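In what follows, a single structure is set out as structure tokens and then discussed.
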Amino acid sequence: MEYLDYENIVEQFLRITGLRSAEFAQEALIGSGAASVLSKLTVTAAELSEFQRGLCEYAAAAVAAYKYVTEKCVTERPVMSENGEVKMACGDLEAVKAARELREQAVRMLCVAGIADYGDFMFAAI
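Here my numbering is used: the first residue of the sequence shown is 927, the next is one more, and so on.
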């Protein structure tokens, strides 16, 4: 991965999601998260300081975690109810909300650090 430590991104992704290891599907999400962050940088990845690189790796993990939680939530599974009726169950919407907030916080840190441009992304100044 262009100047980002993939293993560090995976480690942070696992911490955020609580997974023990990343499977092939999660690795694709992690790669997608990293590519998303790299595409928004206003500097080249080679110009990043160690601290800025760490911010990017954290943001990539947060983006991947959001995608993972969202994907997991929208995947409907048949569930048998007490009366024998089959219903479709959806995941935890609170988890999606928390993952979205984490992703937004990570993106905000990149913008505040002046190393990324997310266009219409707005946040309130204190």
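We put the CB at the ideal spot given by N, CA and C, even for glycine.
Computed from a predicted model, the values in this text were never measured in an experiment.
For this session: Can you tell me which of Lys-998, Ala-991 and Phe-950 puts its alpha carbon nearest to the alpha carbon of Ser-962?
Result: Closest by alpha carbon: Ala-991.
For this session: Return the Cβ separation of Ser-965 and Lys-993 in integer angstroms, given the expectation that the two are a contact with Cβ distance under 8 Å.
Result: Contact doesn't hold; Cβ gap of about 15 Å is too wide.
For this session: Name the two residues that bound the continuous alpha helix (DSSP H) containing Ala-1032.
Result: Start and end: 1019-1038.
Exercise. Given that a residue counts as buried once 16 or more other Cβ atoms are within 10 Å of its Cβ, and exposed if not, what is Val-1033?
Worked result: In summary, Val-1033 is buried, with 16 or more beta-carbon neighbours lying within 10 Å of its beta-carbon over all protein chains present.
Problem set entry | Sequence-distant residues of the same chain with beta carbon closer than 8 Å to Tyr-1044, five excluded per side | Excluding residues within five positions, the ones whose Cβ falls inside 8 Å are Lys-966, Val-1033, Leu-1036 and Cys-1037.
Exercise. Asp-931 to Glu-983, Cα distance in whole Å?
Worked result: When only Cα atoms are considered, Asp-931 and Glu-983 end up about 7 Å apart.
Exercise. CA-CA distance, Ile-1041 and Thr-970?
Worked result: Computed Cα separation, rounded: 9 Å.
Problem set entry | Endpoints, the alpha helix (DSSP H) within which Ala-987 is located | Run containing Ala-987: 976-1000, per the alpha helix (DSSP H) assignment.
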